[in-house]
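So the protein sequences, as listed, match chains A and B. 1 is the number of the first residue of the first sequence in the UniProt record's numbering; add one for each residue after it. 1 is the number of the first residue of the second sequence in the UniProt record's numbering; add one for each residue after it.
Number of protein chains: 2
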Amino acid sequence: MKIGYLGPKATFTDLAVTTMFPRAEKIPYHTIPECIDAVSNEEIDAGVVPLENALEGSVNLTLDYLIHEQLLPIVGEIIAPIQQHLMVHPYHAHHWTEVKEIYSHSHAIAQCHKFLHANLKKAKHVYMTSTSAAAKFVSERPHLPIAAIANRLAAEEYGLTIVQENIHDYDYNHTRFIIVRKQNEPLKIDSPLYAGDKTTLMVMLPKDQPGALHQVLSAFAWRKLNLTKIESRPAKTGLGNYFFIIDIDQKMDEVLIPGAIAELEALDCTVQVLGSYPYYII
Amino acid sequence: MKIGYLGPKATFTDLAVTTMFPRAEKIPYHTIPECIDAVSNEEIDAGVVPLENALEGSVNLTLDYLIHEQLLPIVGEIIAPIQQHLMVHPYHAHHWTEVKEIYSHSHAIAQCHKFLHANLKKAKHVYMTSTSAAAKFVSERPHLPIAAIANRLAAEEYGLTIVQENIHDYDYNHTRFIIVRKQNEPLKIDSPLYAGDKTTLMVMLPKDQPGALHQVLSAFAWRKLNLTKIESRPAKTGLGNYFFIIDIDQKMDEVLIPGAIAELEALDCTVQVLGSYPYYII
């Protein structure tokens, strides 16, 4: 099976793909649109792109591209903790506290703010396009007293030694990735990481009016459908036009969710089911 | 007046600051936390950081840092269109269609997907840490047939010639920046760009239960308070705990918003006013 993902190699997206699909052929893409296009052109069986991730992409770019350009079904979701490690060339492992420069993505450095402030206050920060580019850069300069902040996969890929584990400031910092396919067929994943099912809807309100969102949520509330996420996003049709992304904490059924959708459509909302799919926590 | 902002120079954040505060002393910071800390330490009079921006930062990092680390009041918001331009060294201005490589932030390249596909299909894409770093790189290599995608300020700063304007795929793509201060005092900005007022609340639900959000929105709906944004964000206290960021389309008043907050607190929600402030559209 061929799985495309937002590259480069050894980023957090790669880590999620490697954990979920250990035997798949992995193909990195440079941008989220390129990865989604490759799914659409059937170059790959599925694509994995970040949905909520401060490091490698943003919900905006992924959802905007899916909604405006290539409406592919979401067939799965991967939730992964952000675990940042400090790594150096093996040559510097015993005197890592003396590193003079730390390389990483600017957001990864921001995520390790407290650790760096307490332990490596004098080291200079150098920003790279990704955490994995930082690990590669450090691995190619064994003579320099420098370190990278990246994930475990990057340490393995580039032969670096992790000298401090889990240096990120918050333990419950997670990234979310979605799996998209050309056809709405789930990947047959028999994984102990399976954690439940959800359904994602896009709802466009007829016009911006006080209480319209409240009316929309009523359709879910009285059916006791639990929403785990709601986000308003500006539509690209003019300032002040919005659509909503809503996650419902269950699989598509034959009564409740179709009933809620019918009610929303009767209110002149436009509703699109972006997917009903299993999610996995790694 | 000293205004700090998320750097480097000539990014979209700098463009927003330059437009709003043409006479201020501008100080770039490397990361969102550094800029917010500088406000807190009173090194600067105000800080400008991105709130919704796929290029230079993310709502997550800014709001998380404000909510978890440094609760500074939001005193203003700047909404700016994303306008991407293709620029080259003046030497190449007449034969820009022959450029072999295009330098920019990966998201900026993604935002200009259609233009690049139609006009510069064979050019290789090279990713940089920011659009402004790309413009600087191109300006320093006049002998190479390369181009950058960046904003107008970067073209001016680095002496590049814009050869194609507005090559971004969507016209209504906007970035939002917030202005934070140490004290909750508005900056006295007498600007024709003033477009209205809003109030931003953080609401933490007592526990994850079906319909809880619906109940929260009722408090606003029956008072005819118009919400222009709602976003659920995972709290960093465990998977499945959420808080909500809600924007109300008006200034803090003495009756309606305080009444809604009192009602939410009676439902055991925790409510924090992140700011009540004017916004400007540039």
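Just so it is clear, CB atoms sit at the ideal spot from N, CA and C, and this is done for glycine as well. None of these values were measured; they are calculated from a predicted model.
Item: Neighbour-count burial assignment, B:PRO60, 16 or more Cβ in a 10 Å radius; Value: This sequence places Asn at residue 60 of chain B; Pro is not what is there. Under this definition B:ASN60 is a buried residue.
Item: Residues that A:PRO278 bridges to, as DSSP identifies them; Value: A:ASP197
Item: Which residues DSSP lists as bridging B:THR175, in chain order; Value: B:ALA80
Item: Contacts of residue 284 of chain A in chain B (Cβ-Cβ under 7 Å); Value: Nothing in the structure corresponds to residue 284 of chain A, since chain A is present only between 1 and 282.
Item: Span of the beta strand (DSSP E) around A:ALA148; Value: 146-150
Item: Reduced DSSP secondary structure (H/G/I, E/B, other) of A:PHE244; Value: strand
Item: A:MET128: contacting residues in chain B (beta-carbon distance under 8 Å); Value: THR129
Item: CB contact check: A:THR19 to chain B, cutoff 8 Å; Value: no
Item: Cβ-based neighbour list, A:ILE32, same chain, cut-off 8 Å, excluding 5 preceding and 5 following; Value: LEU6, VAL49, PRO50, GLY57, LEU61, THR62, TYR65
Item: Identity of the residue in A:ALA148, A:SER130, A:LYS124 nearest A:ALA93 by Cα; Value: A:ALA148
Item: Cβ pair count under 8 Å reaching 3, the region 91-106 of chain A against the region 117-127 of chain A; Value: yes
Item: Collapsed DSSP secondary structure at B:VAL49 in the structure displayed; Value: strand
Item: Cutoff 8 Å: B:LYS229 Cβ touching any chain A Cβ; Value: yes
Item: Straight-line Cα distance separating B:LYS26 from B:GLU42; Value: 15 Å
Item: Residue-level contact to chain A via CB, B:ILE67, 8 Å cutoff; Value: no
Item: Check whether A:THR200 and B:TYR127 have beta carbons under 8 Å apart; Value: no
Item: Local conformation of A:SER106 per DSSP, three classes; Value: helix
Item: Beta-carbon proximity check, A:LEU256 vs A:VAL216, cutoff 8 Å; Value: no
Item: Whole-Å CB distance - B:TYR277 paired with B:LYS207, under 8 Å assumed; Value: With 8 Å as the limit, B:TYR277 and B:LYS207 do not qualify as a contact, their Cβ atoms being about 31 Å apart.
Item: Nearest candidate by alpha-carbon position, reference B:LEU72, set B:SER218, B:ALA235, B:ILE178, B:ALA260; Value: B:ILE178
Item: DSSP three-state assignment for B:HIS30, whether helix, strand or coil; Value: coil
Item: Supposed contact pair B:ILE281 and B:ILE79 - C-beta distance, whole angstroms, cut 8 Å; Value: 5 Å
Item: Beta-bridge pairing of B:SER232 - partner residues as DSSP gives them; Value: B:PHE244
Item: Three-state secondary structure assigned by DSSP to B:THR11; Value: coil
Item: Close Cβ partners of A:ARG223 (< 8 Å) along its chain, the five nearest in sequence each way excluded; Value: LEU256, GLY259, ALA260
Item: C-alpha gap between B:GLN250 and B:GLY275, whole angstroms; Value: 11 Å
Item: Spatially closest choice to A:ARG176 from A:VAL17, A:ASP169, A:ALA108, by CA coordinates; Value: A:VAL17
Item: Members of the region 30-47 of chain B that neighbour chain A once the beta carbon cut-off is set at 7 Å; Value: HIS30, THR31, ILE32, PRO33
Item: DSSP beta-bridge partners of A:TYR5; Value: A:PRO28, A:VAL48
Item: Rounded straight-line distance, which links the Cα of B:TYR172 to that of A:ASN226; Value: 32 Å
Item: Chain-order list of residues whose beta-carbon lies under 8 Å from that of B:VAL88 (same chain, five-residue window excluded); Value: TRP96, VAL99, VAL138, ILE146, ALA147, ALA148, LEU160, THR161, VAL163
Item: Under 7 Å from the C-beta of B:ILE109: neighbouring residues of chain A; Value: THR31
Item: Exposure label - A:ALA212; buried when at least 16 CB within 10 Å; Value: buried
Item: Euclidean distance between Cα positions of B:ALA46 and B:THR11; Value: 18 Å
Item: Proximal residues of chain B, C-beta to C-beta of A:HIS113 below 7 Å; Value: PRO33
Item: Where the beta strand (DSSP E) containing B:HIS125 begins and where it ends; Value: 124-127
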